[in-house]
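S.K.: Below you will find the structure I want to go over with you.
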Amino acid sequence: MSGYGAVGTQRGPWPVAYLVVVGVLAAGGALLNLLLCYLAIFATDDCGIHRPDPLRCTDGGLLLMWGLPWVGLVWAAGAALGVAARRRGFWPWCGLPLGTLVYAGGLMLAWRVVVA
């Protein structure tokens, strides 16, 4: 009787294909984050005494620029896996669009700091 919820129902196993797709997308997001971090290095070129940008030219701004994409990637993978864990047995693939939106939100916030 172990593994059964209500009478006669059992949650199915995790779809391996879904986990592989989430892993591949997370790896692609990590590569994109590395590229964005490389580009963000040049965002501070015009910082100086005559143009003290309070958002980009401070330690906090640098942490936002470099940290937001990684936080977004972790939250996106967590959201995709969380939705899949909740909807296992139904259609777990609906977690991918949510994860994509969360990741895109992190990238957009980081880009706003870069171009500020």
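The numbering of the sequence shown is the numbering used here, which starts it at 16 and goes up by one. Think of the CB as a built atom: it goes at the ideal place given N, C-alpha and C, for glycine as much as any other residue. Just so it is clear, the structure is predicted and the values come from calculations on it, not from any experiment.
(1) Can you grab the Cα-Cα spacing for the pair residue 96 / residue 108, in whole Å?
(2) Residue 91 and residue 117: beta carbons closer than 7 Å?
(3) Skipping 5 residues on each side, what residues in its chain have a beta carbon closer than 6 Å to that of residue 52?
(4) Determine contact between the stretch 71 to 79 and the stretch 29 to 40, defined as no fewer than three beta-carbon pairs at a distance below 8 Å.
(5) Tell me, please, whether the CB atom of residue 65 is closer than 7 Å to any CB atom in chain B?
(6) What ranges does the alpha helix (DSSP H) occupy inside the stretch 64 to 107, keeping only unbroken runs of at least 4 residues that lie completely in it?
(7) Around the C-beta of residue 16, are 16 or more other C-beta atoms found within 10 angstroms, so that it is buried, or is it exposed?
(8) Looking at residue 84 and residue 42, is the spacing between their C-beta atoms short of 7 Å?
(9) Considering only their Cβ atoms, is the gap separating residue 58 from residue 129 smaller than 7 Å?
(10) Would the beta-carbon of residue 114 fall within 7 Å of that of residue 94?
M.R.: Well, looking at it:
(1) Between residue 96 and residue 108, the C-alpha separation is close to 10 Å.
(2) Their beta carbons are under 7 Å apart, which means residue 91 touches residue 117 by this criterion.
(3) These residues qualify, in order along the chain: 81.
(4) No, they do not touch.
(5) Looking at the structure shown, chain B is missing, and only one protein chain is on hand.
(6) You should have 74 to 101.
(7) Here the model assigns residue 16 a pLDDT of 48, short of 50, so the residue's position is not dependable, and the following value carries that caveat. Within 10 angstroms of the beta-carbon of residue 16 lie fewer than 16 other beta-carbons, which makes it exposed.
(8) With respect to residue 84, residue 42 sits apart: the two C-beta atoms are not nearer than 7 Å.
(9) For residue 129 and residue 58, yes; Cβs fall inside 7 Å.
(10) Taking 7 Å as the Cβ cut-off, residue 114 and residue 94 qualify as a contacting pair.
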